[in-house]
Structure formats: C-alpha cells, structure tokens
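**Student:** Position 177 of the sequence shown, counted from 1, bears residue number 177 in the numbering used here, the numbering being contiguous throughout. Dropping a structure here in structure tokens format, bear with me for questions.
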Amino acid sequence: MNNREEKTGTVSLIGKTNVGKSTLLNQLIEQKVSITSRKPQTTRQRLLGIKTTGKNQIIFVDTPGFHQGQKRALNKFMNKVALNSIQGVDIVLFVVDSLNFTEVDQYLLDQMPKDTDNVILVINKIDKILKKENLLPFMGNISKSYDFDALIPISALKGNNVKELEQEINSRLPLADHLYPRDQIADSSERFLASEIIREKCITRVGDEVPYRLTVIIDNFKEESRLVNIDATIYVEKNSQKGIVIGEQGKRLKAIGTAARKELEKMLDIKIMLRLWVKVKKNWTNDNNALNLMGYKVV
Ligand code: GDP
Ligand code: MG
C-alpha cells in the first residue's frame, strides 16, 4: 500500500509481427514515447514508454522480436516471452489482427498464464473487418480457449476504442508508488542528452560568432523498431546568426548534424535519424513565455 493511493504497473504487448503492437503503443502514449533505457540490462525489461495520468502510471515494457516459421527461434522466443513479458508484468495485452486467428496466435495464447486476472485480448484492425456481425462469434470462440479478463476490439490506426482500452488498463493497475516523475517524458534524460550534444557541436563549429545565444530544442524524439528519429530546432537570436549556423550551402549545419548523430549513436547504441532546423527567435533568452513554449520551466 502507499499513502498517496498511486497506482503503477507494467504492461506488455504480446502478439505476432504486424498485428499492430507498435502502432497501438504510439497511440496509447500519444506520440510522446521516448523514455528508453538503452544500457544493456540483463534482469530488467527494456522500457518502451511511460504514461502518467492522475494517480495512474502505466509502464510499457518491451517484448522480443518474433519471426514465425522457425521452430527453434519460436521456442527461444517463447522462453524469453514467458520469462520477461508474460510472467514478469502486471498486465498483458494479447494483440491479434482482426479476425485472423492463426496457429501462431494459438501457440502464443497457450503460453499465457492461467491464474491471473490481467490478460486482455485486444482485437486490432477492426476497421478492416467487413462483416461486423462476425466479431461477436469470434470473441465467443476465442473465449472458449482462454478465459480473458477483458476483450476489447480497437483500431490502433484510427484510434477507435483506444481510450477504452486505456481505461481498462488503468482499472487493473496495482496500488504502488509511481516509479517515475510525472513529467519524465517531457524532459527525459535522453532528450536532454541529445539537445546538449547538438548544442555542443554547434558551439564548437561556430566559434565565437554566436556565443551563448543559441539553444537547441528537441521537437520529436521517437523510437521506431531499430532506430530513433530525432527532430531538433536550433534557436538563434538574429538572422545573421542563422546564416552562420547553416553555413555556405548548408555545409556547417550538415557537419553539426553528422557529428551529433555519430556521438549520439555511440552513446545510445542505436541508429539515429537526426533532422535539424535553424530558427530565429528574437530575445528568446529574455522571454519567459518563449522559454515556456520551448519546454523550459521558468519559475
Ligand atoms: P507490430 O509488428 O505488431 O508492431 O505492427 P505495427 O504496429 O508495425 O503495424 C503493422 C502494420 O499494420 C502497419 O502497416 C500498420 O499501419 C498496420 N496497422 C496497425 N494497426 C492497424 C489498424 O488498426 N488498422 C489497420 N487497417 N492497419 C493497422
Ligand atoms: Mg513493432
């Protein structure tokens, strides 16, 4: 029990490749995904994202990649899944692709724990189902082979019913103190690191010409399966400074981007796609409103 009545739980998404797990995760976190823990971890799951609303904190954890067809790989995968993704979490979302329930789905389903009350069947891609009247019988059939605690049809792509799924998750979170600060996503350490590295590369390349009047804001920091997409804006105060940062035919900006990308790839140990923009914002350093808009908290 905790004093603040906070609820915190880990959630994993299990399902075949292509059923829409990543799409769903992005919907649930509303594009704010990015807390990743890149350091090699042997005992803990890799963090995919955190969503804190009110007293509820949902921590999404990774599930290993899965290629069907190879028996050995399948077994290896299942061992990993069983250990990390099914038993070690508070809630399992078992995701299937519309009404296509295959042998592989059945195999995965057979591994689900029988004695918990936190396995939710997520029937994704309902926008693809032409005969809606087939949905209920499908749910009835699948319930015969496993006693799901909830069955929720959604469209991760269109966002249909995703809020309802989130409520269902929230209602099942155990009472526990939050593990992460509620604004973790806004100023995650990796985002901060990225902005600092880009800033450093700018400063070393522009010399004294644009000394301290330069800041870097990370507009987007999004993890795809094997890479991180980063969009960042370099803010300067004057047009002349913008020209200096960009350089002749964009050469300096390109060099800044390359150097920052290489260093980030080394530090985070993942491929990075980095896009940089340069914008002029007059007197931003004196303007609290502008700073707030850029994500700095000015107290
Ligand atoms: P994952 O391999 O399980 O992570 O699947 P992805 O999230 O990468 O999605 C696989 C494909 O299915 C992508 O092309 C998605 O756009 C598509 N997809 C995901 N959710 C939906 C959905 O609700 N409806 C439709 N029609 N397509 C979807
Ligand atoms: Mg995926």
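All residues carry an ideal CB built from backbone N, CA and C; glycine is no exception.
Just to confirm my understanding: we take Lys242, look at its own chain, exclude 5 residues before and 5 after, and list those with CB closer than 8 Å. What are they?
**Tutor:** Position 242 of the sequence shown holds residue 242. For Lys242, where only same-chain residues beyond five positions count, the Cβ hits under 8 Å are Val236, Val278, Lys279, Val280.
**Student:** Measure how close the beta-carbons of Leu214 and Ile234 come, nearest whole angstrom, since I'm counting them as under 8 Å.
**Tutor:** Locating residue 214 in the sequence shown gives position 214, counting from the first residue. Locating residue 234 in the sequence shown gives position 234, counting from the first residue. Contact flag correct, Cβ pair sits at about 6 Å.
**Student:** Indicate the three-state DSSP secondary structure (helix, strand or coil) for Glu164 in the structure shown.
**Tutor:** Position 164 of the sequence shown, counted from the first residue, corresponds to residue 164. Helix, per DSSP.
**Student:** The beta strand (DSSP E) with Arg275 in it runs from where to where?
**Tutor:** The residue labelled residue 275 in the question sits at position 275 within the sequence shown. It spans 271-280 - the beta strand (DSSP E) in which Arg275 sits, taken as one unbroken run.
**Student:** Spell out a yes or no on whether the region 115-129 and the region 197-208 are touching, meaning 3 or more CB-CB pairs, one atom from each, closer than 8 Å.
**Tutor:** Result no; under three Cβ-Cβ pairs closer than 8 Å.
**Student:** What distance in whole Å lies between the Cβ atoms of Val104 and Lys21, which are believed to be in contact at a cut-off of 8 Å?
**Tutor:** As a position in the sequence shown, residue 21 is number 21, starting the count at 1. As a position in the sequence shown, residue 104 is number 104, starting the count at 1. Incorrect: roughly 14 Å between the Cβ atoms, too far for contact.
**Student:** Confirm the yes/no value for this check: CB of Thr17, any heavy atom of ligand 1, distance under 7 Å.
**Tutor:** To locate residue 17, count along the sequence shown from 1; it is residue 17. True, at least one ligand heavy atom lies under 7 Å from that Cβ.
**Student:** How many whole angstroms separate the CB atoms of Ile169 and Ile272, which I take to be in contact at a CB cut-off of 8 Å?
**Tutor:** On the sequence shown, residue 169 is found 169 positions in, with the first residue counted as 1. On the sequence shown, residue 272 is found 272 positions in, with the first residue counted as 1. Contact doesn't hold; Cβ gap of about 31 Å is too wide.
**Student:** In whole angstroms, what is the alpha-carbon distance linking Asn161 and Arg252?
**Tutor:** Stepping through the sequence shown from its first residue, residue 161 is reached at position 161. Stepping through the sequence shown from its first residue, residue 252 is reached at position 252. Distance between the alpha carbons of Asn161 and Arg252: 47 Å.
**Student:** Less than 7 Å between the CB of Asp127 and some heavy atom of ligand 4, yes or no?
**Tutor:** In the structure on display, ligand 4 does not appear, and the ligands it does have are ligand 1 and ligand 2.
**Student:** Where does Gly9 land, buried or exposed, given buried means 16+ other C-beta within 10 angstroms?
**Tutor:** Walking along the sequence shown from the start, residue 9 turns up at place 9. Result: buried.
**Student:** Helix, strand or coil: how does DSSP classify Thr116 here?
**Tutor:** Counting from one through the sequence shown, the residue named residue 116 turns up at place 116. Coil at Thr116, not helix or strand.
**Student:** Starting from the Cα of Asp149, find the closest Cα among Arg226, Ile244, Leu93 and give me that residue.
**Tutor:** Here residue 149 refers to the residue found at position 149 when the sequence shown is read from its first residue. The option with the nearest alpha carbon to Asp149 is Leu93.
**Student:** For Thr258, which option in Ile270, Asp269, Ile244, Leu276 has the closest C-alpha, if you only look at C-alpha atoms?
**Tutor:** Within the sequence shown, the letter at position 258 stands for residue 258. The shortest C-alpha separation from Thr258 is found at Leu276.
**Student:** Give me, in chain order, the residues of the same chain whose beta-carbon lies closer than 6 Å to that of Asp127; leave out the 5 immediate sequence neighbours on both sides.
**Tutor:** The residue you call residue 127 lines up with position 127 of the sequence shown. Result list for Asp127: Ser155, Lys158, in chain order.
**Student:** Run the CB neighbour count on Ala255, radius 10 Å, all protein chains shown included, and call it buried at 16 or more, exposed below.
**Tutor:** For this step, residue 255 is matched to residue 255 along the sequence shown. Burial call: exposed.
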